[in-house]
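With the working numbering as the guide, the letters of the sequence shown map in order to residues 74 to 137. Everything on this sheet refers to the single structure shown next.
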Amino acid sequence: MNRQPIDIDRIACKGHGICAALAPHAIELDEWGYPIVRDGLDPREANDVVTHCPVRAVLAAQRN
């Protein structure tokens, strides 16, 4: 299965946690509520995470 890597803009992120709620198997929150990306997401799921971030801090990364 193709996995879509994502990047988090750590300056733009405000720690809302929506990304982790939408993809808990791939994104966890640190002790301050900021996301740590553990794995790529399937493309549909990545699109949901990118589009639902209220501050547009989640970006679809380029595949190598």
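Quick reminder that beta carbons are idealized off the backbone N, C-alpha and C, glycines included.
Nearest-angstrom Cα distance between residue i and residue j?
i: Asp82; j: Pro116; result: 19 Å
i: Gly106; j: Pro78; result: 20 Å
i: Gly88; j: Val110; result: 13 Å
i: Ala130; j: Ala85; result: 5 Å
i: Leu114; j: Glu104; result: 23 Å
What is the DSSP secondary structure of residue i, reduced to helix, strand or coil?
i: Ala99; result: coil
i: Ile81; result: strand
i: Val110; result: strand
i: Val131; result: strand
So is residue i buried or exposed if we call it buried at 16+ other beta carbons inside 10 Å?
i: Pro108; result: buried
i: Val128; result: exposed
i: Lys93; result: The sequence given here has Ala at residue 93, not Lys. Buried.
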